[in-house]
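According to my numbering, the sequence shown holds residues 115 to 418 in order.
Scroll down for the structure; my scribbles are underneath it.
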Amino acid sequence: MLMVSVTSVAAAEKVAFREAGGDRLEILIGDRVFGVLNHGKNWRKPFLYPVYAANGKNVLRQIVATKEDQGSSKDGLDHFHHKGVWISVDSVNEEMLNFWHEGEAIVNDSVEHAVNDNGTGCLILHNSWIQDGQPLVRETTTVTIHPSRLLEYVIELNAVEKPVTFHDTKEGFFAVRVAHTMREMEGGHIKNADGLEGEKTCWGKESPWVDYFGEVEGKTCGVTLMDDPNNFRKSRYHVRGYGLFGISPFGPKKYSNGEQEESPVTLSLGKDGLRLRYGLYVHDGDTDAGQVKQVYDAFLNAGK
115 MLMVSVTSVA AAEKVAFREA GGDRLEILIG DRVFGVLNHG KNWRKPFLYP
165 VYAANGKNVL RQIVATKEDQ GSSKDGLDHF HHKGVWISVD SVNEEMLNFW
215 HEGEAIVNDS VEHAVNDNGT GCLILHNSWI QDGQPLVRET TTVTIHPSRL
265 LEYVIELNAV EKPVTFHDTK EGFFAVRVAH TMREMEGGHI KNADGLEGEK
315 TCWGKESPWV DYFGEVEGKT CGVTLMDDPN NFRKSRYHVR GYGLFGISPF
365 GPKKYSNGEQ EESPVTLSLG KDGLRLRYGL YVHDGDTDAG QVKQVYDAFL
415 NAGK
């Protein structure tokens, strides 16, 4: 069970869900909206947006709907495919299918949600990764949402009609685009569990967690991504000063700048697929104020 001491109000609050129309599902903590799941088929993948820290500030960059809507990196309107909190990757199979840049779509088939007795909420997303109109991969993502604003993601991927190979790439996998003013190039900070700071030293590295924090409308907010040591191998962080923040197990060669060999991952037909567990934590303040180390321990305990 999650230790809720990381925030003084968490023990008194519970997670709830509310349909918002337009294939949008609101996630509430107490009586306030924490985040919104956008799962309509008008999008090329499901995603969370917005997501609010306890101080009421949205920690995510505004949505850029299509490539035609892109603006400059200076304004934070680059990379239209960076939508809120999402899951995708490129370089799939010999065709190098590109789900990351939305060349192919990840379609939500259904969403389940429930509230648990301990005050947590549970979301289950059933998604299909589509090639030429047919499902290539079945994705089942289970998200356990804690009142402390820790989210546990368990992502299960299974091949549908043929083996599926994820090739070596830096473009993936579980990702966030932080708010424009939070990013490092605007004065924000990137820190990992090993004491490294900044994009130049944290990018591509393995670490139990990486924290990205900065200012949003005069308040300090942070987002932490966490790796589970029980995943099939350690993941690495695609964390950039312009605001992209991801974690992925699929690019050992890319992330190590060629120091390691490629190690493609294949989903075999008719066998157990790939299971990955990650944490996402949204907090007020910097790494210390957000008690990131303690919440990571809670994340590990919750997975036992």
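Ideal placement from N, C-alpha and C gives every residue a C-beta, glycine not left out.
Could you tell me if residue 397 is buried or exposed, where buried requires 16 or more neighbouring beta carbons within 10 angstroms of its beta carbon?
buried
Close-in-space but distant-in-sequence residues of the same chain around residue 158 (CB under 6 Å, 5 per side omitted)
216 and 219
Inter-residue CB distance, residue 268 and residue 256 (contact presumed, cutoff 8 Å):
5 Å
Do you know whose CA, among 353, 349, 146 and 286, lies nearest residue 486's CA?
In the structure as shown, the chain begins at 115 and stops at 418. Residue 486 is therefore absent and cannot be evaluated.
What runs of the alpha helix (DSSP H), each 4 residues or longer, lie entirely inside the segment 322–374?
366–369
Does the segment 225–242 touch the segment 311–328, meaning 3 or more C-beta pairs lie closer than 8 Å?
no
Are the CB atoms of residue 278 and residue 337 nearer to each other than 8 Å?
no
Within the segment 206–271, ranges of the beta strand (DSSP E) (whole runs, at least 3 residues)
220–229, 235–245 and 248–259
Hey, residue 413 and residue 266: beta-carbon distance below 8 Å or not?
yes
Please classify residue 168: is it buried, with 16 or more other beta-carbons within 10 angstroms of its beta-carbon, or exposed?
buried
Measure the alpha-carbon distance for residue 208 versus residue 389 and round it to whole angstroms.
22 Å
Would residue 343 pass as a contact of residue 410 if the rule is Cβ separation under 8 Å?
no
Report the partner residues of residue 304 according to the DSSP bridge assignment.
326
With respect to the beta strand (DSSP E) encompassing residue 402, which residues constitute its N-terminal and C-terminal limits?
Premise fails: residue 402 is in no beta strand (DSSP E) and is neither H nor E.
Do you know offhand how far residue 281's Cα is from residue 210's?
8 Å
Could you have a look at residue 162 and say whether DSSP puts it in helix, strand or coil?
strand
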